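Student: In this text, residue positions in the sequence shown follow my numbering: the first is 26, and each later residue adds one. Got a structure for you, written out below as structure tokens; questions coming shortly.
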Amino acid sequence: MKIRFSLLIAFFIITASFSQEKKWTLKECVNHALEHNLSVKRASYTTDLRKEDITSAKGNMLPGVSASASQNFSFGSGFDAASNSRVANDRRSNSFGLNASMNLFNGFSNKNNIKQSKVSYEASQLDLEKMKNDISLNIVNSYLNVLFNKENLKIAEAQIIISNQQLERTKELVDAGVQPYGNLLEVEATKVNDENSVVTAENNLALSLLDLSQLLQIPNQDFDIEEISININSVALLYNNTEEIFSKAVANQPEVKSAELAYQNSITGIKIAKADYLPSLSLNAGINTVYNHRQGIKDSKNSPVFQFPFSDQLDNNLGEFVGLNLSIPIFSRGQVKANVNRAKINQEISQVNLDDTKRALRESVERAYINATATLKAYEAAEKSVKAQEQSFTFAQERYNLGATNSFDFEQVRNRLVNAQSSLVRAKYNYVFRTKLLEFYYGIPIVK
26 MKIRFSLLIA FFIITASFSQ EKKWTLKECV NHALEHNLSV KRASYTTDLR KEDITSAKGN
86 MLPGVSASAS QNFSFGSGFD AASNSRVAND RRSNSFGLNA SMNLFNGFSN KNNIKQSKVS
146 YEASQLDLEK MKNDISLNIV NSYLNVLFNK ENLKIAEAQI IISNQQLERT KELVDAGVQP
206 YGNLLEVEAT KVNDENSVVT AENNLALSLL DLSQLLQIPN QDFDIEEISI NINSVALLYN
266 NTEEIFSKAV ANQPEVKSAE LAYQNSITGI KIAKADYLPS LSLNAGINTV YNHRQGIKDS
326 KNSPVFQFPF SDQLDNNLGE FVGLNLSIPI FSRGQVKANV NRAKINQEIS QVNLDDTKRA
386 LRESVERAYI NATATLKAYE AAEKSVKAQE QSFTFAQERY NLGATNSFDF EQVRNRLVNA
446 QSSLVRAKYN YVFRTKLLEF YYGIPIVK
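What follows is the structure, encoded as structure tokens:
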């Protein structure tokens, strides 16, 4: 009986340990999002389509071969001159053919189409990488927001402990006649406000966890993340100038590379459009044969005396052909010229898009640099403020415990400390994200 009881307890312990939901690390969150995000999957399928375009473009360089077979029936009668009468003319026939055609020259259009499809495939891969980068940054930002709300909740919960201590001490002072009963009511009201602050902090944490789980596209129930230790150090990149960071960003950011490839494709598009000015040459070849069930030797009344067999007819009626087809464009009603002009305009548009992409990237780098330096200063200022407010709070708490100050003045000091602590936490996570963004532009991986 004791053995069974021990086994039962062990079973429940093991079950409970397995039932505990795991806490997600930042790397796990990013990897999961990149693997399961529906937008990433959609972009990945688009990349697969561009890859098939390469196969299709290469296939146009090969000959096209097709086979055909048909069976025909005709009914009715016709006039036969030999017998000077109308005779039945029902017929059944079969035809078979094998045809091949190959483009020998079309102004290098096929070659340029292959080149263009390869570049489009590479650009689609870069677009997919850009999407993954954006999602990764969103995950990092959301993850840090959860950590921020966790620390804010700890600050709010710490105030409950202080409120309870203050309430007990105030009761003692009121009972001793040192402070009026009104002070006790104020402290009790403060405790209620602190409890409301905890509820608000818990709600903010729940919402931030919901936001992160929705980014991961997973159920929110029992979802939680692993807390990480964050050391605030001055990032070396803050001592670089923005031009150096921008140069690195131009070299490694996929949106710039994609815009450059789009410009290359626009140049190829002009060549493809101009190919319609040139002659085209194609090779055609084929083999065909027919069978007619009324084919054979007939008597004077047009009745078959001997009918050629199916296999003999296929052999006797076999025909082969080969030929070259040269097409020289003379007048296309201005369509080719219009297509060339469109291609040139597309080149100008792609150049503008490339310049605009670089401009937007430069602005993002400059903004990220300014934000990173500003948040570092904000963190350092908040850190000094917390230290000063902690000393002020300690002094005010000692005076309050001695009955030398009232609850209102003590509450003012405590509120300043809470605000300073909250500002420090916010500044810390702002700085972490801003420096992470700056490192990303420099080419450092988002998640190592």
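Every residue gets a Cβ at the ideal spot worked out from N, C-alpha and C, and that includes glycine. Since this is a predicted model, take the numbers as computed values, not measurements.
1. If you run the structure through DSSP and keep just helix, strand and coil, what is S126?
2. My output table needs one value for F333: the three-state DSSP class, helix, strand or coil.
3. Classify A94 as helix, strand or coil using the three-state DSSP reduction.
4. Going by DSSP, what residues sit across from R117 in a beta bridge?
5. Between the stretch 226–241 and the stretch 195–215, do three or more beta carbon pairs fall short of 8 Å?
6. Determine whether the beta carbon atoms of V55 and I164 lie at a separation below 8 Å.
7. Beta carbon of V365, beta carbon of K473: below 8 Å?
8. Is it buried or exposed for Y456, if we count other Cβ within 10 angstroms and need 16 for buried?
9. Per DSSP, Y316 is paired with what?
10. Is the CB-CB distance between L303 and L129 below 8 Å?
11. I'd like the list of long-range same chain contacts for L462, defined as Cβ closer than 6 Å, with 5 residues on each side in sequence excluded.
12. With a threshold of 8 Å, are at least 3 pairs of Cβ atoms found where one atom belongs to the stretch 275–291 and the other to the stretch 137–148?
13. What is the C-beta distance between S161 and I370, in whole angstroms, given that I count them as a contact (C-beta under 8 Å)?
14. With a threshold of 6 Å on Cβ separation, who are the neighbours of W49 within its own chain once the five nearest residues in sequence on each side are excluded?
15. Which residue marks the beginning of the alpha helix (DSSP H) containing V347, and which one marks its end?
16. Go to E227, then tell me how far its alpha helix (DSSP H) extends in each direction, as first and last residue.
17. Run through DSSP, which three-state label would I180 get?
18. Mind checking Q191: buried by the 16 CB within 10 Å criterion, or exposed?
19. To which residues of the same chain is I469 closer than 8 Å at the C-beta, ignoring the five residues directly before and after it?
20. Ordered along the chain, which non-local residues of its own chain (more than five positions away) have a Cβ less than 6 Å from that of K296?
21. Flag L241 as yes when its Cβ comes closer than 7 Å to any non-hydrogen atom of the ligand SAH, and as no otherwise.
22. Label G84 either buried or exposed according to how many other C-beta atoms from any shown protein chain fall within 10 Å of its C-beta, with 16 as the threshold for buried.
23. Mind listing, in chain order, the continuous beta strand (DSSP E) runs of no fewer than 3 residues lying wholly within the stretch 149–195?
24. Taking only runs that begin and end inside the stretch 257–311, name each unbroken alpha helix (DSSP H) of 4 or more residues, in chain order.
25. Within 10 angstroms of the Cβ of S375, are there 16 or more other Cβ atoms? Answer buried if so, exposed if not.
26. Relative to the C-alpha of Y316, which candidate in S120, E77 and H57 has its C-alpha closest?
27. Just verifying my parser: in three-state terms, what is the DSSP assignment at G202?
28. Is the CB-CB distance between I186 and Q446 below 8 Å?
29. Please report how far the alpha carbon of K402 lies from the alpha carbon of S254, in whole angstroms.
30. Expressed to the nearest angstrom, what Euclidean distance is found between the alpha-carbon atoms of T225 and Y206?
31. Using a 10 Å radius around the Cβ and a threshold of 16 neighbouring Cβ atoms, would you call D340 buried or exposed?
32. For the alpha helix (DSSP H) that contains N62, what are its first and last residues?
33. So F124 packs on G311, CB below 8 Å; how close in whole Å?
34. Which residue from L172, Y264 and S188 puts its Cα closest to that of E220?
35. Do E182 and V223 have their C-beta atoms closer together than 8 Å?
Tutor: Reading from the atomic positions:
1. Your numbering for residue 126 matches position 101 in the sequence shown. Reduced to three states, the DSSP call for S126 is strand.
2. Mapped onto the sequence shown, residue 333 falls at position 308. Three-state result, F333: coil.
3. As a first step, residue 94 must be located in the sequence shown, where it is residue number 69. Here A94 sits in strand by DSSP.
4. Indexing the sequence shown from 1 puts residue 117 at position 92. DSSP lists F98 as partners of R117.
5. no
6. The residue you call residue 55 lines up with position 30 of the sequence shown. The residue you call residue 164 lines up with position 139 of the sequence shown. Yes, the Cβ-Cβ distance between V55 and I164 is below 8 Å.
7. Position 340 of the sequence shown, counted from the first residue, corresponds to residue 365. Position 448 of the sequence shown, counted from the first residue, corresponds to residue 473. Result no, Cβ atoms of V365 and K473 do not sit closer than 8 Å.
8. As a working mapping, residue 456 is identified with position 431 in the sequence shown. Buried is the call here.
9. For the purposes of this step, residue 316 is taken as residue 291 along the sequence shown, with counting starting at 1. Partner(s): N119.
10. The sequence position of residue 303 within the sequence shown is 278, counting from 1. The sequence position of residue 129 within the sequence shown is 104, counting from 1. Cβ distance not < 8 Å, so L303 and L129 don't count as in contact.
11. Along the sequence shown, one-based indexing puts residue 462 at 437. Result list for L462: A393, in chain order.
12. yes
13. Within the sequence shown, the letter at position 136 stands for residue 161. Within the sequence shown, the letter at position 345 stands for residue 370. Contact flag wrong, Cβ pair sits at about 36 Å.
14. Stepping through the sequence shown from its first residue, residue 49 is reached at position 24. If we look at W49 and ignore the five residues flanking it on each side, its Cβ neighbours are I250.
15. Locating residue 347 in the sequence shown gives position 322, where the first residue counts as 1. Unbroken run through V347 is the beta strand (DSSP E), G344 to S352; no alpha helix (DSSP H).
16. Within the sequence shown, the letter at position 202 stands for residue 227. That run of the alpha helix (DSSP H) goes Y206 to L241.
17. Looking up residue 180 in the sequence shown gives position 155. Looking at I180 - three-state DSSP - the assignment turns out to be helix.
18. Walking along the sequence shown from the start, residue 191 turns up at place 166. Classification of Q191: buried, given that the 10 Å Cβ count is 16 or more.
19. Within the sequence shown, numbered from 1, the residue matching residue 469 stands at position 444. No residues qualify anywhere along the chain.
20. Sequence index remark: in the sequence shown, residue 296 carries index 271 (1-based). Excluding residues within five positions, the ones whose Cβ falls inside 6 Å are N137.
21. As for the ligand SAH, it is missing from this structure, which has no ligand bound.
22. On the sequence shown, position 59 is the one that residue 84 refers to. Per the 10 Å Cβ criterion, exposed.
23. none
24. 267–277 and 279–299
25. Numbered from 1 along the sequence shown, position 350 holds the residue referred to as residue 375. Buried, since its Cβ has 16 or more Cβ neighbours within 10 Å.
26. Here residue 316 is taken as the residue at index 291 of the sequence shown, counted from 1. Considering only alpha carbons, the answer is S120.
27. Walking along the sequence shown from the start, residue 202 turns up at place 177. If DSSP states are grouped into helix, strand and coil, G202 belongs with coil.
28. Looking up residue 186 in the sequence shown gives position 161. Looking up residue 446 in the sequence shown gives position 421. Result no, Cβ atoms of I186 and Q446 do not sit closer than 8 Å.
29. Numbered from its first residue, the sequence shown carries residue 402 at position 377. Numbered from its first residue, the sequence shown carries residue 254 at position 229. Those two C-alpha atoms are separated by around 20 Å.
30. As a working note, residue 225 is residue 200 in the sequence shown. As a working note, residue 206 is residue 181 in the sequence shown. Looking at the two C-alpha atoms, the distance is approximately 29 Å.
31. The residue given as residue 340 occupies position 315 in the sequence shown. Looking at its Cβ environment, which holds fewer than 16 other Cβ atoms inside 10 Å, D340 is exposed.
32. What you label residue 62 is simply residue 37 of the sequence shown in a count that begins at 1. Looking at the DSSP string, N62 is not in any alpha helix (DSSP H), and its letter there is neither H nor E.
33. The count along the sequence shown starts at 1 and reaches residue 124 at position 99. The count along the sequence shown starts at 1 and reaches residue 311 at position 286. The question names Phe, but residue 124 is Asn in the sequence shown. Contact flag correct, Cβ pair sits at about 4 Å.
34. Counting from 1 along the sequence shown, the entry for residue 220 is found at position 195. Among L172, Y264 and S188, the Cα nearest to that of E220 belongs to S188.
35. Along the sequence shown, read from residue 1 onward, the residue named residue 182 stands at position 157. Along the sequence shown, read from residue 1 onward, the residue named residue 223 stands at position 198. Going by C-beta atoms, E182 is nearer than 8 Å to V223.
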